[in-house]
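Shown next, in structure tokens, is the structure this report addresses.
Residue numbers (full-length UniProt numbering): 1 to 685.
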């Protein structure tokens, strides 16, 4: 179906057309209809305004000329008011209805003509159409019309009496709509937002926030959940609504794409660009099975034939897709297929705005570069979604702090996983409260120093679930400068160099790294810090981190219960106090001050219920969380409980909806009276 706005096309025919012996009768009406014999060669010498249902329409000298494709029949000529080129023009799939809109400063009007009755005008409306879609049976049509700065209207009409059925407001950015083969659902594209709309009520059922700006939507005739579109990079994207992902991306030549159409089998897709290149793509075999040059228009597939217009006129081209399928099976995938969106790098700016008593206000900026994992082009989605990311950041505190960091989390195609985090803190300011679970905020001492830290791990996948490798840390602290004498002894407070390394084992079945709704994560690591690496400190560090994610059939889709249990301990030596296990930060037991509860061992348990406010638009959500933890010299002998509880709520918004990467802000309260507000990018755990 060819459906265009006419201000993008040449309004006149070739000069020799005006020299033919045709006479057009003009009467003093806003328009009139007359029938004449036309030269079939010349009348097809230029691209039509619209071609569909075996008919085409051209604009010539202020008139619309409607012809029957592949038939030397008399043409219907419609004289428009003011002889102005239509703003919008389309023909219904059955070739019966012609719709066109005139849009001027003083006049916006849409006309409906019945082409089976010599172009008789059936109806007119006081608005201009932006996009239109007919159901397959032709009984209903949907318009996007009356566009203003504030919005537009989405309306459904019956085509028997051309009466309004229902109408709703829609964004003014909506440029393309399509209706599925059953006539039960609409798609409406507004830049990178695609809405699934119930065709009866026109209510939005689902909002898809895509990574591309889309237009030219067309539904598959055999799969109610699959559609094709043209993106802002002039590439074809085939999507699956159920899986909410791009199945295939096709680079279809250098010209601007103007038309897409599925074959009746739903397996083949035709594309046409303004350079005249027409191609038929086998989506299953990922290959081009037909290509034609110098094509002006196409009228879709019909009983194994493709009707195309070139300089010689309309021609019927045999498209034996069954034979093409056999030949394509043995061929290599076409290089025009680009493996969906996997080459796209997501860029997320991360504003850093925070406040703490130590640093005062901290302002800065980070930039996260998200690299989705490579896929093999199969229609089967990967079992585990493991994207890579690179995140540099810099921030400045009003008390003179400078913080810079670089985090790299990379998954290679061969199963290697590299994690590295390097940071430098100039004039770092922190509190020392003492050791143990009975520390008090009032008994605090401020210290500051410079810190360089580099830690990470290198692991290799064993199958899809297990990883094994090494973990390491290198850190150097300048001498700690205390503003006043600490109320308690400071263990190893002189700073120094430390280095440690050891094995790490991981079991990971999370279905999504950014937003898991199922699966488990267990990480066991051991590091030995010692003189063998030049470390000034000698001790061992053991950490066990377990997380579980369980989808719940309550509230909205994607509601998840996440739980985490953590044990962290140091043994066989003395660690500096700033390396001891702790209960704090913006992710583990939110609301507890950093360094408030530190000791040689720490244990924590927390849970979080994650959900969205609505199934229609999953970008916005909330969490409810609670947790408890404790620290002690040892949990295995002479342990005196001093458990601290935390509970709170949080707001979530997806900054990259397709990846479900979220921004977060949380409010938390502890059982010991501490209140905290934390924010950031990504899940807490």
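C-beta: ideal position from N, C-alpha, C; glycine also.
> Shortest alpha-carbon distance to residue 390 belongs to which of 471, 399, 370?
Replying inline: The sequence position of residue 390 within the chain shown is 390, counting from 1. When each option's Cα is compared against that of residue 390, the closest is 370.
> Which first and last residues belong to the beta strand (DSSP E) in which residue 99 is found?
Replying inline: For this step, residue 99 is matched to residue 99 along the chain shown. Element bounds for residue 99: 97 to 103.
> For the stretch 382 to 466, which segments carrying the alpha helix (DSSP H) assignment without a break, of at least 4 residues, lie completely within its bounds, in sequence order?
Replying inline: none
> Secondary structure at residue 555, three-state DSSP: helix, strand or coil?
Replying inline: Taking the chain shown and counting its residues from 1, one reaches residue 555 at position 555. Coil, per DSSP.
>> Please classify residue 653 as buried or exposed, where buried requires at least 16 neighbouring CB atoms within 10 angstroms.
In response: Your numbering for residue 653 matches position 653 in the chain shown. Looking at its Cβ environment, which holds fewer than 16 other Cβ atoms inside 10 Å, residue 653 is exposed.
>> Alpha carbons only, please: which of 612, 546, 397, 314 is nearest the one belonging to residue 69?
In response: Start at 1 with the first residue of the chain shown, and residue 69 comes out as number 69. If we check each option's Cα against that of residue 69, 314 comes out closest.
> Does the distance from the C-beta atom of residue 475 to that of residue 685 stay below 7 Å?
Replying inline: On the chain shown, position 475 is the one that residue 475 refers to. On the chain shown, position 685 is the one that residue 685 refers to. No; because the gap between Cβ atoms is not below 7 Å, this pair is not in contact.
> What separation, rounded to the nearest whole angstrom, lies between the Cα atoms of residue 438 and residue 404?
Replying inline: Position 438 of the chain shown, counted from the start, is the residue given in the question as residue 438. Position 404 of the chain shown, counted from the start, is the residue given in the question as residue 404. Approximately 33 Å between the Cα atoms of the pair.
>> Whole angstroms are fine: how far does the CA of residue 590 sit from the CA of residue 678?
In response: In the chain shown, counting from the first residue as 1, residue 678 sits at position 678. In the chain shown, counting from the first residue as 1, residue 590 sits at position 590. Straight-line Cα distance between these residues: approximately 8 Å.
> Cα-Cα, which of 624, 640, 464, 473 is closest to residue 533?
Replying inline: To locate residue 533, count along the chain shown from 1; it is residue 533. Residue 533 has its Cα closest to that of 473, out of 624, 640, 464, 473.
> In the DSSP assignment, what residue or residues form a beta bridge with residue 478?
Replying inline: One-based indexing of the chain shown puts residue 478 at position 478. In DSSP, residue 478 forms no bridge with anything.
> From residue 440 to residue 648, what does the alpha carbon distance come to, in whole angstroms?
Replying inline: Taking the chain shown and counting its residues from 1, the one referred to as residue 440 is at position 440. Taking the chain shown and counting its residues from 1, the one referred to as residue 648 is at position 648. One C-alpha to the other measures close to 22 Å.
> Where do the N-terminal and C-terminal ends of the beta strand (DSSP E) with residue 305 fall, by residue?
Replying inline: For this step, residue 305 is matched to residue 305 along the chain shown. 305 to 310 is the span of the beta strand (DSSP E), which, as asked, contains residue 305.
>> I'd like the ranges of any beta strand (DSSP E) spanning at least 3 consecutive residues and lying wholly in the stretch 572 to 619.
In response: 601 to 612
>> Excluding the 5 residues flanking residue 353 on each side, which residues of the same chain have their C-beta closer than 7 Å to its C-beta?
In response: Taking the first residue of the chain shown as position 1, residue 353 is located at position 353. The residues are 363.
> Rounded to whole angstroms, how far is the Cβ of residue 141 from the Cβ of residue 157, which I believe are closer than 8 Å?
Replying inline: Locating residue 141 in the chain shown gives position 141, where the first residue counts as 1. Locating residue 157 in the chain shown gives position 157, where the first residue counts as 1. Confirmed, about 5 Å.
> Which of the three DSSP states, helix, strand or coil, is assigned to residue 117?
Replying inline: What you label residue 117 is simply residue 117 of the chain shown in a count that begins at 1. Residue state, collapsed to three classes: helix.
> Closer than 7 Å, CB to CB, is residue 86 near chain D or not?
Replying inline: Within the model displayed, chain D is absent; a lone protein chain is all it includes.
>> In the DSSP assignment, the beta strand (DSSP E) including residue 167 goes from what residue to what residue?
In response: Along the chain shown, one-based indexing puts residue 167 at 167. Looking at the DSSP string, the run of the beta strand (DSSP E) that includes residue 167 is 164 to 170.
> Span of the beta strand (DSSP E) holding residue 209?
Replying inline: As a working note, residue 209 is residue 209 in the chain shown. 204 to 209 is the extent of the beta strand (DSSP E) around residue 209.
> What residue from 434, 452, 397, 456 has the CA that sits closest to residue 410's CA?
Replying inline: Counting from 1 along the chain shown, the entry for residue 410 is found at position 410. Among 434, 452, 397, 456, the Cα nearest to that of residue 410 belongs to 456.
> In or out: residue 10 buried (at least 16 other Cβ within 10 Å) or exposed?
Replying inline: Within the chain shown, numbered from 1, the residue matching residue 10 stands at position 10. In this prediction, residue 10 has a pLDDT of 35, which is less than 50 and means its spatial position is unreliable; what the coordinates show is noted afterwards. By the neighbour-count rule (16 or more Cβ atoms within 10 Å), residue 10 is not buried but exposed.
>> DSSP has residue 287 in a bridge; who is on the other side?
In response: Taking the first residue of the chain shown as 1, we reach residue 287 at position 287. Residue 287 pairs with 282.
> Which residues does DSSP pair with residue 527 in a beta bridge?
Replying inline: Walking along the chain shown from the start, residue 527 turns up at place 527. Answer is 541.
> Any idea if residue 639 is buried or exposed, counting beta-carbon neighbours within 10 angstroms, 16 or more meaning buried?
Replying inline: Indexing the chain shown from 1 puts residue 639 at position 639. With fewer than 16 Cβ atoms within 10 Å of its Cβ, residue 639 is classed as exposed.
>> DSSP has residue 231 in a bridge; who is on the other side?
In response: Taking the first residue of the chain shown as 1, we reach residue 231 at position 231. Answer by DSSP bridge pairing, in chain order: 214.
> Can you name, in chain order, every residue of its own chain whose Cβ lies under 6 Å from the Cβ of residue 620, other than the five neighbours on each side?
Replying inline: Sequence index remark: in the chain shown, residue 620 carries index 620 (1-based). Excluding sequence neighbours, residue 620 sits near 613, 653.
>> Pop quiz: residue 588 and residue 566 are said to be a contact at Cβ under 8 Å. What is the actual Cβ separation, rounded to whole angstroms?
In response: By one-based count along the chain shown, residue 588 stands at place 588. By one-based count along the chain shown, residue 566 stands at place 566. Cβ-Cβ separation between residue 588 and residue 566: approximately 7 Å, consistent with a contact (criterion under 8 Å).
>> For a test of the three-state rule: what should DSSP assign to residue 83, helix, strand or coil?
In response: Numbered from 1 along the chain shown, position 83 holds the residue referred to as residue 83. In the structure shown, residue 83 sits in a helix (DSSP, three-state: H, G or I).
> Three or more C-beta pairs closer than 8 Å, one from the stretch 517 to 526 and one from the stretch 537 to 547: is that the case here?
Replying inline: yes
> Can you give the Cα-Cα distance for residue 503 and residue 420, rounded to whole angstroms?
Replying inline: Residue numbering aside, residue 503 sits at position 503 when the chain shown is read from its first letter. Residue numbering aside, residue 420 sits at position 420 when the chain shown is read from its first letter. Computed Cα separation, rounded: 16 Å.
> Taking the C-alpha atoms as reference points, what is the distance between residue 449 and residue 627?
Replying inline: Stepping through the chain shown from its first residue, residue 449 is reached at position 449. Stepping through the chain shown from its first residue, residue 627 is reached at position 627. Approximately 32 Å between the Cα atoms of the pair.
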